[in-house]
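Peer 1:
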């Protein structure tokens, strides 16, 4: 018997805990099914749809954060270059391009092996990390898609830090 053969009984569906946390925080949410919930979060640059999915066979909560930006076919290679450059800078999570929809999404997962239930801190940290990454790089994706910039130009445009006031 291997460690992965041990089947621990889970007391509840982790998405139920996420729904409870969303309700406590007055976040707008919709339950798409027993194992999925989508939370809407307003940011500085966009409205973000954050979907949490319980993947029972993997003992993991999967987070996918999408924003309204469709990548037209002629700009997809440059967006892929930008994704690669951005992902090199991230410690957790990553951006993907869903080719069928032409949508950029941020994804990450939280392992809940051994019957662990998600707590408020974990759920909020997953959500904050996703929104922070999307807020930081949203304009770079826009620069590539709508302004025709190269990936290095777009990244350079969003990486500077402002100090003080004008």
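In my numbering, the protein residues as written are 1126 to 1291. Just so it is clear, CB atoms sit at the ideal spot from N, CA and C, and this is done for glycine as well. Every value quoted in this text rests on a predicted model; they were computed, and no experiment measured them.
(1) From the DSSP output, in three-state form, read off residue 1283 for me.
(2) Beta carbon of residue 1138, beta carbon of residue 1179: below 8 Å?
(3) Near residue 1185, which residues of its chain fall below 6 Å by C-beta distance, leaving aside the five closest residues on each side in sequence?
(4) Mapping the DSSP letters down to three states, classify residue 1271 as helix, strand or coil.
(5) Kindly indicate which residue of 1190, 1242 and 1197 has the alpha-carbon position closest to the one of residue 1254.
(6) Is residue 1265 helix, strand or coil when you go by DSSP?
(7) Classify residue 1199 as buried or exposed, calling it buried when 16 or more other Cβ atoms lie within 10 Å of its own Cβ.
(8) Which value, in whole angstroms, describes the spacing of the CA atoms of residue 1165 and residue 1275?
Peer 2: Concretely, from the data shown:
(1) Note: residue 1283 maps to helix in three-state DSSP.
(2) In this structure, residue 1138 sits near residue 1179, with a CB-CB distance shorter than 8 Å.
(3) For residue 1185, same chain residues with a beta-carbon under 6 Å away, outside a window of 5 residues either side, are 1234 and 1236 in chain order.
(4) Three-state result, residue 1271: helix.
(5) Nearest of 1190, 1242 and 1197 to residue 1254, Cα basis: 1190.
(6) Three-state DSSP puts residue 1265 in a helix.
(7) Counting every other CB atom within 10 Å of its CB across the protein chains shown gives residue 1199 a total below 16, marking it as exposed.
(8) For the pair residue 1165 and residue 1275, the Cα-to-Cα distance works out to about 30 Å.
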